[in-house]
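Here is the structure we will look at.
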Amino acid sequence: MKSGAHRAAWASICAPDFSLALTLACGQVFHWQPCPAHGAGFAGAIGDVPVYVEQRGGELWTNGPRDLVAHYFALDHPLAEIYRSFPTDPAMSGALEFCRGLRIIRQPAWECLATFITSSMKQVAHIAQISHTIRRRFGQRLDFEGAELFAYPPAARLAELDEQTLRECALGYRAKNLLGSARMIATGEVDLEGIRALDDDAARAELCRLPGVGEKVANCVLLFAFERVRAFPIDVWIARVLREAYFKQKRNVSAGRLREFSRAYFGDYGGYAQQYLFHQARTAQKSRRRGKKTCRSPRGNP
DNA sequence: CTCCAGGTTCCGG
DNA sequence: CCGGAACATGGA
Numbered sequence: 055m056k057s058g059a060h061r062a063a064w065a066s067i068c069a070p071d072f073s074l075a076l077t078l079a080c081g082q083v084f085h086w087q088p089c090p091a092h093g094a095g096f097a098g099a100i101g102d103v104p105v106y107v108e109q110r111g112g113e114l115w116t117n118g119p120r121d122l123v124a125h126y127f128a129l130d131h132p133l134a135e136i137y138r139s140f141p142t143d144p145a146m147s148g149a150l151e152f153c154r155g156l157r158i159i160r161q162p163a164w165e166c167l168a169t170f171i172t173s174s175m176k177q178v179a180h181i182a183q184i185s186h187t188i189r190r191r192f193g194q195r196l197d198f199e200g201a202e203l204f205a206y207p208p209a210a211r212l213a214e215l216d217e218q219t220l221r222e223c224a225l226g227y228r229a230k231n232l233l234g235s236a237r238m239i240a241t242g243e244v245d246l247e248g249i250r251a252l253d254d255d256a257a258r259a260e261l262c263r264l265p266g267v268g269e270k271v272a273n274c275v276l277l278f279a280f281e282r283v284r285a286f287p288i289d290v291w292i293a294r295v296l297r298e299a300y301f302k303q304k305r306n307v308s309a310g311r312l313r314e315f316s317r318a319y320f321g322d323y324g325g326y327a328q329q330y331l332f333h334q335a336r337t338a339q340k341s342r343r344r345g346k347k348t349c350r351s352p353r354g355n356p
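Throughout the first sequence, residue numbering follows my numbering, covering 55 to 356 in sequence.
This is the structure:
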């Protein structure tokens with residue numbers, strides 16, 4: 055990082071078995087941005103605390119509060135033990151090789167829930183765009199040199215908007231769901247923090263009471279915010295991976311079948327396995343598209 | 001222009 | 001329990 059940055063004491067945190075870049079790029083969180091003004095790292099908000107982070111070998115440098123940063127990036131998760139729990143089939147081994155150091159972070163619950171409510175039938179890039187728009191328009195501006203940072207607006211803030219206003223953030227039909235969920239949480243009809251105390255099944259059921267929250271989004275919140283590392287969100291990508299890798303010959307593998315298989319096969323750190331498979335598959339797809347020659351359609355001959 | 005994207009909800013076999 | 005269809009918007 056450059057020497058001009060100050061304001062808080064810089065701290066270096068011991069962070070072995072950690073890849074900051076993979077952790078931020080794998081699709082579990084959407085608002086961190088490169089920050090050239092400070093260096094090769096990233097700027098983002100942890101809740102309403104603006105933070106710069108940069109990895110240097112086995113250390114994580116930051117101008118933010120040490121404990122907050124270490125907790126957010128889950129530097130205490132036992133990666134070696136987690137890897138030992140992974141099955142050793144080709145698909146999983148390939149994903150592990152590709153994603154080594156990726157950690158499932160501890161996100162604030164509401165912003166995690168809200169961003170995944172807006173995620174349905176949207177590309178990852180667009181989820182990030184919606185998240186940024188909502189932060190910029192309704193979130194608290196955070197004091198930070200080198201980047202424009204905004205906190206995610208609290209549920210109570212979104213709850214006071216009307217659907218039309220929210221739709222201007224390009225949410226489409228998801229605006230109604232986000233608004234409805236924000237209101238249920240703002241009124242206390244659903245106690246989001248209280249869900250922490252519940253077991254996985256009860257927590258998932260409670261989350262599913264919110265509009266726009268089904269099993270997949272609930273599992274994302276359990277995994278990315280409530281540290282339920284068994285939770286195994288199944289989206290189109292993971293469904294494809296599972297069918298290709300584990301049900302190659304089978305026809306018509308139902309969603310229920312996939313859910314049951316993932317629970318039994320990946321075990322207590324299934325959420326980690328899921329995210330590694332997800333990121334590996336998506337990255338492989340991207341590089342395949344990039345490598346392909348840009349071929350225009352031969353259709354329009356004048 | 002067509003297709004599809006980290007789904008959810010509702011509806012009929 | 002299972003498969004289909006509607007639902008908005010933008011990028012490839």
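Note that CB positions come from ideal geometry on N, CA and C, so glycine has one too.
Closest option to G81, judged by alpha-carbon separation, among G95, V103, H180: H180. Residue pairing for W164: DSSP places it in no beta bridge.
With 16 or more other Cβ atoms inside 10 Å of its own Cβ, S316 counts as buried. Per the C-alpha coordinates, the member of A279, R294, R284, K340 positioned closest to Q161 is A279. For the options Q87, C89, P88, Q109, the alpha carbon positioned closest to that of I67 is the one of Q109. A buried status is given to S173, since no fewer than 16 other beta-carbon atoms sit within 10 Å of its beta-carbon. In this structure, I184 sits away from L133, with a CB-CB distance that is not shorter than 8 angstroms.
For E298, the uninterrupted alpha helix (DSSP H) segment begins and ends at 290–300.
By the neighbour-count criterion, in which 16 or more other beta carbons inside 10 Å mark a residue as buried, G324 falls on the buried side. With fewer than 16 other CB atoms across the displayed protein chains lying within 10 angstroms of its CB, Y227 is exposed.
When G98, G93, I249, P90 are compared, the shortest CA-CA separation from F84 is found for G98. Annotation: the stretch 253–295 contains no complete segment of the beta strand (DSSP E) (minimum length 3 residues).
With a cutoff of 8 angstroms on beta-carbon distance, F170 and C274 are scored as near each other.
With fewer than 16 other CB atoms across the displayed protein chains lying within 10 angstroms of its CB, M175 is exposed. Listed as beta-bridge partners of S185 by DSSP are no residues whatsoever. With a cutoff of 8 angstroms on beta-carbon distance, A229 and L220 are scored as near each other.
About 6 angstroms separates the beta carbons of F72 and R157, which is inside the 8 angstroms limit, making them a contact pair.
Pairing S139 with D322 gives a Cβ-Cβ distance under 8 angstroms. The closest CA to that of G111, considering only A75, C89, P144, P88, is found on A75.
A293 and D245 have their C-alpha atoms some 31 angstroms from each other.
In terms of Cβ geometry, Y330 and C153 form a close pair [threshold 8 angstroms]. Counted as a single uninterrupted DSSP element, the beta strand (DSSP E) harbouring V107 occupies residues 103–110.
Taking all protein chains in view, the Cβ of G268 is surrounded by fewer than 16 other Cβ atoms within 10 Å, so the residue is classified as exposed. The DSSP-derived three-state label of S66 is strand. With at least 16 other beta carbons inside 10 angstroms of its own, V123 counts as buried. The shortest C-alpha to C-alpha distance from M238 to any of D216, L252, Q218, R263 is the one to R263.
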